[in-house]
Amino acid sequence: MPELPEVETIARGLDRRFGGCRIAGCRYASPHLLKAAGRADLRRLRGCRLLGVRRRGKYLIFDLERGTRLVFHLKMTGQFLECASGRERDRHTHLVLSFGRGRELRFRDVRKFGRLRLVRGDERSALPAGLGPEPLALGRRRFLELLGARRGRLKSLLLNQRFLAGIGNIYADEILFEAGLDPLRPASGLDEARALRLWSGMRRILSRAVRRGGSSIRDYADAEGRLGRFQFEHKVYGRAGAPCARCGAAVRRLVVGGRSTHFCPRCQK
DNA sequence: ATTCGGACCTGAAAGC
DNA sequence: TGCTTTCAGGTCCGAA
9 MPELPEVETI ARGLDRRFGG CRIAGCRYAS PHLLKAAGRA DLRRLRGCRL LGVRRRGKYL
69 IFDLERGTRL VFHLKMTGQF LECASGRERD RHTHLVLSFG RGRELRFRDV RKFGRLRLVR
129 GDERSALPAG LGPEPLALGR RRFLELLGAR RGRLKSLLLN QRFLAGIGNI YADEILFEAG
189 LDPLRPASGL DEARALRLWS GMRRILSRAV RRGGSSIRDY ADAEGRLGRF QFEHKVYGRA
249 GAPCARCGAA VRRLVVGGRS THFCPRCQK
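Offset between the first sequence (1-based) and the numbering used here: plus 8.
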């Protein structure tokens with residue numbers, strides 16, 4: 009479900025609502041979410057202060073006292089929900105952090121793909137080696153350098169987390185439309201003008217999506233239950249057969265690298 | 001090195 | 001009204 013703009017929105021909301029709060033208890037870690045050893049370690053969290061919450065790629069990082077960190081990946085359907093402790097817990101709730109005075113933060117995940125790791129010290133041990141840089145912190149020169157070393161199709165490259173961390177299926181399609189580039193075009197041999205269009209298109213799409221609080225297509229909502237608004241600005245994603253907003257040609261859908269891909273055959277070359 | 005298909009899960013929507 | 005199939009904001013693994 010969540011890509012960079014959604015995870016960023018969740019992180020900001022959690023940081024604002026729970027940053028500085030003390031964890032009173034932790035319950036219900038399901039085996040899917042966390043291995044047995046990690047579940048035992050969760051006991052250490054009691055009484056620990058949550059210093060802050062931030063994002064790296066599509067990962068959510070909870071920084072705690074005593075050099076401990078919780079690193080979540082939400083995969084397709086993971087979500088956080090702030091609620092009153094008395095409220096009924098449904099069968100998709102896999103972790104509950106209590107903050108006292110009846111305040112709880114629950115992790116729900118219908119498809120159970122989401123993962124949590126509890127680490128001491130640096131979060132890097134919980135992240136994949138070779139995770140790419142943050143797209144919005146990447147200068148144009150560095151972007152051109154990284155791009156020059158890559159092959160394969162543009163769509164697959166944008167989805168590759170070792171190239172850039174945080175772009176997923178929605179934003180890959182929207183970025184390529186913004187840049188006017190065919191998702192099937194090979195990454196190698198992209199001339200500088202097109203490469204710079206890709207860089208600036210990426211920045212425009214991602215930063216606007218963050219400002220809109222991400223895209224709510226199916227079930228994404230932030231920790232305060234608010235829906236994103238960027239879905240109203242999608243130009244191609246989920247619009248197969250509909251007219252292109254720019255030229256009127258029918259938006260096409262095909263499968264690239266096993267992922268559904270949407271593009272305008274006239275605007276994207 | 002890249003690409004492909006399948007696996008991991010559940011449920012909503014579309015198709016018949 | 002069913003029942004079946006397809007599809008989904010992600011990633012990992014093994015085989016071609």
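The beta carbon of each residue, even a glycine, is placed where N, CA and C say it ideally should be. Predicted model only: the values in this text are computed from it and were never measured.
Measure the C-alpha to C-alpha separation of residue i and residue j and round it to an integer number of angstroms.
i	j	result
residue 181	residue 215	15 Å
residue 125	residue 252	42 Å
residue 224	residue 218	12 Å
residue 40	residue 101	11 Å
residue 48	residue 189	49 Å
residue 202	residue 184	11 Å
residue 266	residue 205	25 Å
residue 58	residue 76	10 Å
residue 137	residue 197	27 Å
residue 220	residue 86	20 Å
residue 277	residue 139	29 Å
residue 238	residue 226	13 Å
residue 118	residue 199	43 Å
residue 70	residue 231	14 Å
residue 7	residue 23	Outside the shown range of the chain (9 to 277) lies residue 7, about which nothing can therefore be said.
residue 259	residue 142	29 Å
In its own chain, which residues sit with a C-beta less than 7 Å from the C-beta of residue i, not counting the 5 before and 5 after it?
i	result
residue 74	56
residue 11	66, 174, 175, 176, 178, 179
residue 144	211, 214, 215
residue 168	none
residue 81	66, 67, 122, 123
residue 245	178, 181, 182, 270
Ordered along the chain, which non-local residues of its own chain (more than five positions away) have a Cβ less than 8 Å from that of residue i?
i	result
residue 192	161, 162, 163, 264
DSSP three-state call for residue i: helix, strand or coil?
i	result
residue 139	coil
residue 126	strand
residue 214	helix
residue 248	coil
residue 71	strand
residue 258	strand
residue 268	strand
residue 191	coil
residue 33	strand
residue 170	coil
residue 220	coil
residue 59	strand
residue 25	helix
residue 151	helix
residue 158	coil
residue 206	helix
Can you list, in chain order, the residues of its chain whose CB lies under 6 Å from that of residue i, leaving out five sequence neighbours each side?
i	result
residue 165	158, 171, 195
residue 151	207
residue 104	35, 36, 112, 114
residue 127	77, 133, 134
What residues are listed by DSSP as bridge partners for residue i?
i	result
residue 89	114
residue 103	115
Since I believe residue j is in contact with residue i (beta carbons under 8 Å), could you give me their beta-carbon distance rounded to a whole number of angstroms?
i	j	result
residue 236	residue 14	7 Å
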